[in-house]
Amino acid sequence: MTIDWSWIGDHTDDLTTLTVSHLQAALSAVFFGVLISLPLAVVAHRIRPLRGFLLGVSNILFTIPSIAIFVLLLPISGLTRTTTVIGLTVYTLVVLLRNTVEGLDSVPAKTKEAAKAMGTRPLRTLLTVEFPLALPVIMAGVRIATVMSISLVSVATYIGDGGLGQLFTDGFQRDFPTPVIAGVVLTILLAVVADAALVALQYVLTPWKRRRA
Amino acid sequence: MYELIKNLGTWLTSGSSWTGTDGIAHRLAEHLQYSLLATLVAAAIGLPIGLLIGHTGKGAFIAINLASFGRALPTVGLVVLVFLAGGLSMLPVYVALVALAVPAIVTNTYAGMTAVDPDVKDAARGQGMRGHQVLFQVELPLALPLIMTGLRLALIQVVATATIAAYVSFGGLGRYVFDGLAQRDLVQVLGGAVLVAVIAVTLDLALSGLQRFLFRHRTA
Chain A
1 MTIDWSWIGD
11 HTDDLTTLTV
21 SHLQAALSAV
31 FFGVLISLPL
41 AVVAHRIRPL
51 RGFLLGVSNI
61 LFTIPSIAIF
71 VLLLPISGLT
81 RTTTVIGLTV
91 YTLVVLLRNT
101 VEGLDSVPAK
111 TKEAAKAMGT
121 RPLRTLLTVE
131 FPLALPVIMA
141 GVRIATVMSI
151 SLVSVATYIG
161 DGGLGQLFTD
171 GFQRDFPTPV
181 IAGVVLTILL
191 AVVADAALVA
201 LQYVLTPWKR
211 RRA
Chain B
214 MYELIKNLGT
224 WLTSGSSWTG
234 TDGIAHRLAE
244 HLQYSLLATL
254 VAAAIGLPIG
264 LLIGHTGKGA
274 FIAINLASFG
284 RALPTVGLVV
294 LVFLAGGLSM
304 LPVYVALVAL
314 AVPAIVTNTY
324 AGMTAVDPDV
334 KDAARGQGMR
344 GHQVLFQVEL
354 PLALPLIMTG
364 LRLALIQVVA
374 TATIAAYVSF
384 GGLGRYVFDG
394 LAQRDLVQVL
404 GGAVLVAVIA
414 VTLDLALSGL
424 QRFLFRHRTA
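Order-wise, the sequence lines are chains A and B. Be aware that the first sequence starts at 1, since it is given in my numbering, and climbs by one per residue. Be aware that the second sequence starts at 214, since it is given in my numbering, and climbs by one per residue.
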């Protein structure tokens, strides 16, 4: 199996477009995943009986195969980018929800009591005390969700989207390995770079962690 | 939408769609066969690695990176790549499914091993147990719940992903998804997807129930 470098040279524009589209799908999914899971996690954290229910539902959603989710969405949103993003978002929920709940659980009760004693209102405590302290655990979830989404985008190639995944279909149909190799390498690179960017973001967002280290 | 669900119900319940080599029963058996074999191979690779890393405490960095690398690996790309390199056989499918399952098994085995109380290990050594005795008689039994979680997660992921066998012209429930997509037969596509989802969810519930039953005497 040899790499046809001239093909890569001729198709740098296409590869760039696909990489951007790939990243865009994955990041949109993580964005919506965070947007949905943050309030749900607060509910699951505060109201104990709902906790098992919410985590259970997200667990079941996670066991549904990605191709099945995309296909099941076809009658609703058709062969569109929306289908890709909804499908991927569903997948991010289980990791994001579990980590956010665990992060909120890990905030010491004394810290919350101290905030209350100082007259901080509940919403403000949540935003300025609980979320920042839960951030490392939440960010661990965001990292897993991001890497997973980047890898899963290519499954959407079966419904005509899929970013870099289109290179797999293309290479498969023409019995031509170069685009497939390029697609695999770019996907992994994208995942590594996105993960590193999130580590950097976490470093910026948690200055109090640095002083100790 | 209603018409679609009605047709889907008809397809899933009519006797003719369950029988024959293209029937649901046969495809289901194929699907389970691929999934179980791939998970077994992955366990044969992943368990020793996880146990060794956990026991010696060496190579944890590699294990964690392997896990995120495994998560980043696009399964579809891997199948196509091995297919183009090795030709038409089940090998690409198995390679991809095993590659998908190994990280989950390694990381959970390792996590289970590190969660074993160091005092317990010290006590075992203090009683004169040898390294392998500590590993098999103390660490492994204590790590077993998390190891089983890893195997369960791996199997579920593999079941969900085994649909790609059909992409490179083999059987399994993916057949309905890909044939349906090619024939623009949405009922068949949805039927295949629903079946895969149902067995994945059923296996997950059954295995986590089994786990709870087996470890019912443990508090943690």
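Built from N, CA and C at the ideal position, the CB exists for glycine as well.
**Asked** What is the C-beta distance between Val306/B and Ala419/B, in whole angstroms, given that I count them as a contact (C-beta under 8 Å)?
**Response** In the second sequence, the residue the question calls residue 306/B occupies position 93. In the second sequence, the residue the question calls residue 419/B occupies position 206. A Cβ-Cβ distance of about 24 Å is found for the pair Val306/B and Ala419/B, leaving them out of contact under the 8 Å criterion.
**Request:** Determine, using beta carbons only, whether Pro75/A comes closer than 8 Å to chain B.
**Result:** As a position in the first sequence, residue 75/A is number 75, starting the count at 1. For Pro75/A, the answer is yes, since a Cβ of chain B falls inside 8 Å of its Cβ.
**Prompt:** Just the Cα atoms here: how many angstroms apart are Thr84/A and Gly267/B?
**Reply:** Residue 84/A sits at position 84 when you count from the first residue of the first sequence. Residue 267/B sits at position 54 when you count from the first residue of the second sequence. Taking the straight line from one Cα to the other gives about 38 Å.
**Asked** Do you know offhand how far Val280/B's Cα is from Val319/B's?
**Response** In the second sequence, counting from the first residue as 1, residue 280/B sits at position 67. In the second sequence, counting from the first residue as 1, residue 319/B sits at position 106. It is worth fixing the name first, because residue 280/B is Ala in this sequence and not Val. Inter-residue distance for Ala280/B and Val319/B is about 8 Å (C-alpha atoms, whole angstroms).
**Item:** Residues near Ile159/A in its chain [Cβ-Cβ closer than 8 Å; skip 5 each side]
**Value:** By one-based count along the first sequence, residue 159/A stands at place 159. Excluding sequence neighbours, Ile159/A sits near Phe70, Val71, Leu74, Leu79, Thr83, Thr84.
**Request:** Could you list which residues in chain C have their beta carbon closer than 7 Å to that of Val402/B, in chain order?
**Result:** Among the protein chains of the structure shown, namely A and B, there is no chain C.
**Prompt:** Looking at C-beta atoms only, is the number of pairs between the segment 268-288 of chain B and the segment 172-189 of chain A that lie closer than 8 Å three or more?
**Reply:** Yes: at least three Cβ pairs fall under 8 Å.
**Request:** Rounded to whole angstroms, what's the CA-CA distance from Ser154/A to Val180/A? Just pull it up for me.
**Result:** Numbered from 1 along the first sequence, position 154 holds the residue referred to as residue 154/A. Numbered from 1 along the first sequence, position 180 holds the residue referred to as residue 180/A. Straight-line Cα distance between these residues: approximately 11 Å.
**Request:** Output the residue ranges of the beta strand (DSSP E) runs that lie fully inside the segment 96-181 of chain A and measure 3 residues or longer, sorted by chain position.
**Result:** You should have found no qualifying run.
**Leu301/B in three-state terms, based on DSSP** = Counting from one through the second sequence, the residue named residue 301/B turns up at place 88. For Leu301/B, the secondary structure class from DSSP, reduced to helix, strand or coil, is coil.
**Prompt:** For Ile369/B, which residues in chain A fall below 9 Å Cβ to Cβ?
**Reply:** Position 156 of the second sequence, counted from the first residue, corresponds to residue 369/B. Annotation: Cβ neighbours of Ile369/B in chain A (cutoff 9 Å, chain order): Phe62, Thr63.
**Prompt:** Quick one: Cα of Val407/B to Cα of Tyr203/A, how far?
**Reply:** Counted from its first residue, the second sequence places residue 407/B at position 194. Counted from its first residue, the first sequence places residue 203/A at position 203. If I take the Cα positions, the gap works out to 42 Å.
**Prompt:** When the Cβ atoms of the segment 139-151 of chain A are set against those of the segment 12-26 of chain A, are three or more pairs found closer than 8 Å?
**Reply:** Note that the segment 139-151 of chain A touches the segment 12-26 of chain A; at least 3 beta-carbon pairs, one per stretch, sit closer than 8 Å.
**Asked** When the Cα atoms are used, what is the spatial distance from Thr252/B to Ala196/A?
**Response** Sequence index remark: in the second sequence, residue 252/B carries index 39 (1-based). Sequence index remark: in the first sequence, residue 196/A carries index 196 (1-based). Approximately 31 Å, taken between the alpha carbons.
**Asked** In terms of alpha-carbon separation, which member of Trp7/A, Arg98/A, Ala114/A lies closest to Leu38/A?
**Response** Stepping through the first sequence from its first residue, residue 38/A is reached at position 38. Closest option to Leu38/A, judged by alpha-carbon separation, among Trp7/A, Arg98/A, Ala114/A: Arg98/A.
**Request:** Give me the Cα-Cα distance between Val142/A and Pro122/A, rounded to the nearest whole angstrom.
**Result:** Position 142 of the first sequence, counted from the start, is the residue given in the question as residue 142/A. Position 122 of the first sequence, counted from the start, is the residue given in the question as residue 122/A. Distance between the alpha carbons of Val142/A and Pro122/A is about 25 Å.
**Prompt:** Does the segment 162-181 of chain A come close enough to the segment 234-242 of chain B that 3 or more CB-CB pairs lie under 8 Å?
**Reply:** At 8 Å Cβ cutoff, the stretches do not touch.
**Item:** C-beta atoms of Gly162/A and Thr92/A nearer than 8 Å
**Value:** By one-based count along the first sequence, residue 162/A stands at place 162. By one-based count along the first sequence, residue 92/A stands at place 92. Cβ distance not < 8 Å, so Gly162/A and Thr92/A don't count as in contact.
**Request:** Following the continuous alpha helix (DSSP H) through Gly339/B, name the residue where it begins and the one where it ends.
**Result:** By 1-based counting over the second sequence, the position of residue 339/B is 126. Looking at the DSSP string, the run of the alpha helix (DSSP H) that includes Gly339/B is 331-339.
**Request:** Write down the C-beta distance between Thr322/B and Leu264/B rounded to the nearest angstrom, noting that I regard them as a contact closer than 8 Å.
**Result:** By 1-based counting over the second sequence, the position of residue 322/B is 109. By 1-based counting over the second sequence, the position of residue 264/B is 51. With a Cβ gap of about 6 Å, Thr322/B and Leu264/B count as contacting.
**Prompt:** Under a CB-based cut-off of 8 Å, is Val308/B close to chain A?
**Reply:** Working through the second sequence from its first residue, we reach residue 308/B at position 95. So no, Val308/B is outside the interface.
**Request:** State the start and end residues of the unbroken alpha helix (DSSP H) segment that holds Trp224/B.
**Result:** Working through the second sequence from its first residue, we reach residue 224/B at position 11. From DSSP, the alpha helix (DSSP H) with Trp224/B extends over 215-226.
**Asked** So is Pro316/B in contact with chain A if we call contact Cβ pairs under 8 Å?
**Response** The count along the second sequence starts at 1 and reaches residue 316/B at position 103. By this cut-off, Pro316/B is not an interface position.
**Prompt:** Just to confirm, are Ala314/B and Leu291/B a CB contact at a threshold of 8 Å?
**Reply:** Position 101 of the second sequence holds residue 314/B. Position 78 of the second sequence holds residue 291/B. Contact flag unset, no.
**Prompt:** Does the beta-carbon of Thr100/A have 16 or more other beta-carbons within 10 angstroms, so that it is buried, or is it exposed?
**Reply:** For the purposes of this step, residue 100/A is taken as residue 100 along the first sequence, with counting starting at 1. Per the 10 Å Cβ criterion, buried.
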